[in-house]
Amino acid sequence: MVKHLAFVFALLAAPVHADVADVVADHILPGYAAFAQATADLDRQAAASCTADTLRPAFQTAFDAWMAVQHLHLGPVEEAGRGLAIAFWPDPKGLGRKAQLGLMQGDPAKLTPEAFADQSVAARGLTGLERLLYPTTPWPADPCPLIRATTADLARLADEVQGGWTSGFADQLLTAGAQGNTRYLSKAEARQALFTVLVTGLAQLHDQRLGRPMGTFDRPTPERAEARASGRSLRNVLLSLQALRALATSLTEPAPQTQAALGHAIALAQNLDDPVFAGIATPTGRLKVEVLQQAVEQARQAALAEIGPALGVGIGFNALDGD
Amino acid sequence: MATRRAFLSGLAALALPKPGWAAVGSPHCLAAGKTAERYVLHGLSADGHSLFAIDLPGRGHAAAAHPHRPLAVAFARRPGTFAIVLDCMTGAEQYQLTPPAGRQFNGHGVFSADGRVLYTSEVIAETSQGRIGIWEAEDFQRVGEWSSGGIGPHDLKRQADGGLIVANGGIATDPADRSKLNIATMRPNLTRLSPAGEITAQAELPPALWQNSIRHLALAPDGTVAFAMQWEGDPAEPVPLLGLWQIGTPPQLCPPPEAEAFRMQGYAGSVAISGSGQIALTSPRGGVVMIHAQNGAHLATHARADVCGVTALGSGFLLSDGSGALWSLEDQQLSPLTVGDTHWDNHIVPLA
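As you go down the protein sequences, you meet chains A and B in turn. Residue numbers 1 to 323, in the UniProt record's numbering, belong to the letters of the first sequence in order. Residue numbers 1 to 352, in the UniProt record's numbering, belong to the letters of the second sequence in order.
What follows is the structure, given as structure tokens:
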């Protein structure tokens, strides 16, 4: 016992600084646990009733929970297409709706959990569910069986991702550099993996969530905004920024320039009264989203200039250099 | 003072007019990289150890290895106006190659089987029209050039019969800053040149894939060409990044399963074929290497950040990454061979 306490005190005496362990304990594991909980709740409610009005609040909660972790492009979510199956966006060719039409009018055996897990990633997950709960064009058949198949699949995926982290992948990150860990050969590699998540998360916000509806000045494309039907386009940007700020805080402290830049972008998103970016079609509305987009890019630049050197890592030597 | 070692090596020099790669430890392959602020070309053993290291004047790219003599050609980054011929025994820069006025090197080169000729992928700087530069490999003088059969040629490989396969990437670039000028209208192709430089076969992708730049190549012993692509279109579209070309037939595309379709992020950096016929396709952007069977079917995806260089190693592969590790991939097992402080560049060049 005494020995045990001494060990605890030795840990407490170590210099306090944010790092990989903090990200895993404070950001990643709680985030995936909350997402698993929210999707399980959604599935339970769908089993009880699958009217759209009843399910929408639980859908919104589950999507909120996903936005807290969706930037984590590493580990279990990257395997077996889980991340794509949880949220397939963008879908410029409308593959998701086409596949859902086929499922709705086809063999019901495809909706069993085992069979549904093998259906197109475009048809499943939160984006698939959004089309069922917030239809922009009427469906030709009762969507209820597909809604239930989708919520069950989503809960399974969330459970698998959480399980993948708690039963192995978190340890791989935390024991980076240890003998036998061939996933992360040094502690720096684990830091670099999380730093890459932060920087590419900001780039994706800029290029996709904001960039796609922006289109060009001559041809703005607000109809391409993410989660438009459920009114979440701006909310997803805001939640994603907040999640990336939480990641940055757990990863490196202090990082005043990055925190200031992220805080600025978050404030802009909070004050932007344009929930599905419809304003992009007008010059004034477009300018406001463009200012937000620039703030996201400034946050990315700040992270590259400040957090990378603080962690002693950069973005990949080859990844950045096209050839 | 004449040491025993110098005497012996002098004797060896008398007996052998031209030393071979054995004189520098018989490397398995060459790889360029960056160590601290130095750019270096290494000769690597099959177990991933450096046999020699030569300083480069800048970030080196895609060295071509002479088939017999320990000579390596390193190209400047694109748009390149020089290449250097390095003596791998002494580390000395033996020759500097400068393309004719108005031409630029475009990244890759390959020697003829007898080592007498070096072929280089080049563009006419103003138009990006492709050329294959021809250099005699004794004094490295320019002796001629051929059309590459397309815009923006990048990789080129030599066939067993002396013909060349060229990846005309289709991208026209600004001669000064390498910015891409024709993404909307690009139209890449694969071209086969006879040993005399005549275009004997060409293949194009379906029009929906014209924005898929064909950039890197690997040749199988049976003549099949594996080609790796980089998607310039909408990143939301999942497109195949590997293709197989049996000359004389339309290219066959080899997409991974839907669930894996975005893992390479539209970018294949290198391609290689193993002794067992498997194909490895790397993506430093996606941090993955995909393994395909000889018939093109996807077999496995392995995650490794910034992995790019790849060459055959027995029935498997030798891979390099930007973090300093060299890996073997054998029986679906990715295992580190060596870990060091050299950030490995895009390609590993086998000695053939």
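Positions of the beta carbon are idealized from the N, C-alpha and C atoms, including for glycine. Being a predicted model, the structure only gives us computed values, none of them experimental.
Neighbouring residues, chain A, relative to residue i (Cβ below 9 Å)
| i | result |
| --- | --- |
| residue 34 of chain B | 317 |
Proximal chain A residues relative to residue i, where beta-carbon distance stays under 8 Å
| i | result |
| --- | --- |
| residue 306 of chain B | 316, 317, 318 and 319 |
| residue 346 of chain B | 318, 321 and 323 |
| residue 262 of chain B | 84 |
| residue 269 of chain B | 318 and 323 |
Extent of the continuous alpha helix (DSSP H) run through residue i
| i | result |
| --- | --- |
| residue 91 of chain A | Unbroken run through residue 91 of chain A: none, as it is neither H nor E. |
| residue 197 of chain A | 187-204 |
| residue 308 of chain A | 308-311 |
| residue 324 of chain A | Residue 324 of chain A is absent from the model: chain A starts at 1 and stops at 323. |
| residue 270 of chain A | 256-271 |
| residue 35 of chain A | 29-48 |
| residue 249 of chain A | 233-251 |
| residue 275 of chain B | Residue 275 of chain B -> no alpha helix (DSSP H), and no H or E assigned at all. |
| residue 83 of chain A | 82-86 |
| residue 211 of chain A | 211-214 |
For residue i, the first and last residue of its enclosing beta strand (DSSP E)
| i | result |
| --- | --- |
| residue 243 of chain B | 242-245 |
| residue 34 of chain B | 29-35 |
| residue 189 of chain B | 189-193 |
| residue 333 of chain B | 333-339 |
| residue 39 of chain B | 38-44 |
| residue 346 of chain B | 342-350 |
| residue 53 of chain A | Where residue 53 of chain A is concerned, there is no enclosing beta strand (DSSP E), although the alpha helix (DSSP H) it sits in stretches over 52-67. |
| residue 21 of chain B | Neither: residue 21 of chain B is in no beta strand (DSSP E) and is coded neither H nor E. |
| residue 96 of chain B | 93-97 |
| residue 54 of chain B | 50-56 |
| residue 84 of chain B | 83-87 |
| residue 75 of chain B | 71-75 |
| residue 325 of chain B | 325-330 |
Closer than 9 Å at the beta carbon, the chain B residues around residue i
| i | result |
| --- | --- |
| residue 92 of chain A | 234, 236 and 237 |
| residue 180 of chain A | Those do not exist, as residue 180 of chain A stays about 11 Å from chain B at its closest Cβ, beyond 9 Å. |
Where residue i meets chain A, residues with beta-carbon distance less than 7 Å
| i | result |
| --- | --- |
| residue 323 of chain B | 189 |
| residue 343 of chain B | 317 |
8 Å Cβ cut-off: residues of chain B touching residue i
| i | result |
| --- | --- |
| residue 192 of chain A | 305 and 323 |
Chain-ordered chain B contacts of residue i [CB-CB under 7 Å]
| i | result |
| --- | --- |
| residue 80 of chain A | 259 |
| residue 185 of chain A | 325, 336 and 339 |
The ligand GTP heavy atom lying under 8 Å from the CB of residue i
| i | result |
| --- | --- |
| residue 149 of chain B | The ligand GTP is absent from the structure shown, which contains no ligands of any kind. |
With three or more C-beta pairs closer than 8 Å as the rule, is the stretch 28-37 of chain B touching the stretch 47-67 of chain B? The stretch 47-67 of chain B, when compared against the stretch 28-37 of chain B, does touch it at the 8 Å Cβ threshold.
Entirely within the stretch 111-177 of chain B and at least 3 residues each: give me those beta strand (DSSP E) ranges in chain order. For the stretch 111-177 of chain B, whole beta strand (DSSP E) runs of length 3 or above, ordered along the chain, are 117-124, 129-136, 141-151, 153-158 and 164-168.
Can you pull out the residues from the stretch 39-69 of chain A whose beta carbon lies closer than 8 Å to at least one beta carbon of chain B? Those residues of the stretch 39-69 of chain A that come within reach of chain B (Cβ to Cβ, closer than 8 Å) do not exist; the list is empty.
Which full runs of the beta strand (DSSP E) of 3+ residues lie inside the stretch 197-237 of chain B, going along the chain? Within the stretch 197-237 of chain B, the complete beta strand (DSSP E) runs of at least 3 residues are 199-204, 212-219 and 225-231.
Any chance the stretch 46-56 of chain B sits against the stretch 102-113 of chain B, with 3 or more Cβ pairs inside 8 Å? Taking a contact to require three or more Cβ pairs closer than 8 Å, the stretch 46-56 of chain B and the stretch 102-113 of chain B do not qualify as touching.
Would you say the stretch 179-199 of chain A touches the stretch 97-104 of chain A, given that touching needs at least three Cβ pairs under 8 Å? Touching, no, given that fewer than three Cβ pairs across the two stretches are closer than 8 Å.
Specify whether the stretch 88-103 of chain B and the stretch 134-143 of chain B touch according to this definition: at least 3 beta carbon pairs, one from each stretch, less than 8 Å apart. With three or more CB-CB distances shorter than 8 Å, the stretch 88-103 of chain B counts as touching the stretch 134-143 of chain B.
Is the stretch 166-174 of chain A close to the stretch 260-268 of chain A, with three or more CB pairs under 8 Å? Between the stretch 166-174 of chain A and the stretch 260-268 of chain A, the count of C-beta pairs closer than 8 Å stays below three; the two stretches do not touch.
Assess contact between the stretch 145-158 of chain A and the stretch 122-131 of chain A, defined as three or more Cβ pairs (one per stretch) separated by less than 8 Å. Is contact present? Because the criterion of three Cβ pairs below 8 Å is met, the stretch 145-158 of chain A and the stretch 122-131 of chain A touch.
Three or more C-beta pairs under 8 Å: does that hold for the stretch 208-224 of chain B against the stretch 256-263 of chain B? The way I'd put it, the stretch 208-224 of chain B doesn't touch the stretch 256-263 of chain B; fewer than three beta-carbon pairs between them come closer than 8 Å.
Residues, ordered as in the chain, of the stretch 96-128 of chain A that lie near chain B by beta-carbon distance below 9 Å: For chain B, the residues of the stretch 96-128 of chain A that bring a beta carbon within less than 9 Å of one of its beta carbons are 120, 121 and 122, in chain order.
How do the stretch 214-229 of chain A and the stretch 270-289 of chain A stand: do at least 3 beta-carbon pairs fall below 8 Å, yes or no? A contact is defined here as three or more CB-CB pairs under 8 Å, and the stretch 214-229 of chain A meets this definition with respect to the stretch 270-289 of chain A.
Any alpha helix (DSSP H) of 4 or more consecutive residues that is wholly inside the stretch 102-186 of chain A: DSSP assignment within the stretch 102-186 of chain A yields the following whole alpha helix (DSSP H) runs of 4 residues or more, N-terminal first: 113-116, 125-133, 144-164 and 170-174.
At a CB distance below 9 Å, what residues from the stretch 96-116 of chain B approach chain A? Give them in sequence order. Within the stretch 96-116 of chain B, the residues whose Cβ lies closer than 9 Å to any Cβ of chain A are, in chain order, 107.
Are the stretch 110-125 of chain A and the stretch 47-65 of chain A touching, with three or more C-beta to C-beta distances below 8 Å? A contact is defined here as three or more CB-CB pairs under 8 Å, and the stretch 110-125 of chain A fails this definition with respect to the stretch 47-65 of chain A.
Would you list, in chain order, the members of the stretch 277-293 of chain B that have their beta-carbon closer than 7 Å to a beta-carbon of chain A? Result list: 284 and 285.
To test your reading of the DSSP string, which unbroken beta strand (DSSP E) runs of 3 or more residues are found completely within the stretch 280-323 of chain B? The qualifying runs are 288-292, 298-303, 307-313 and 316-321.
Stretch-stretch touch, CB-based, cutoff 8 Å, three pairs: the stretch 281-297 of chain B with the stretch 108-120 of chain A: With contact defined as three or more Cβ pairs closer than 8 Å, the stretch 281-297 of chain B and the stretch 108-120 of chain A are not in contact.
Can you confirm whether the stretch 227-244 of chain B touches the stretch 308-319 of chain B when touching is taken to mean that 3 or more C-beta pairs between the two stretches lie within less than 8 Å? The stretch 308-319 of chain B makes no contact with the stretch 227-244 of chain B, as fewer than three CB pairs between them are under 8 Å.
Are the stretch 240-257 of chain A and the stretch 200-217 of chain A touching, with three or more C-beta to C-beta distances below 8 Å? Yes: the two stretches touch, three or more of their Cβ pairs being nearer than 8 Å.
Indicate whether the contact test is met: 3 or more Cβ pairs, each with one atom in the stretch 271-285 of chain B and one in the stretch 102-113 of chain A, closer than 8 Å. Too few Cβ pairs lie closer than 8 Å, so no.
Three or more C-beta pairs under 8 Å: does that hold for the stretch 178-187 of chain A against the stretch 60-68 of chain A? In short, these stretches do not touch, since the Cβ pair count stays below three.
Three or more C-beta pairs closer than 8 Å, one from the stretch 252-259 of chain A and one from the stretch 306-315 of chain A: is that the case here? Counting Cβ pairs under 8 Å, three or more are found: they touch.
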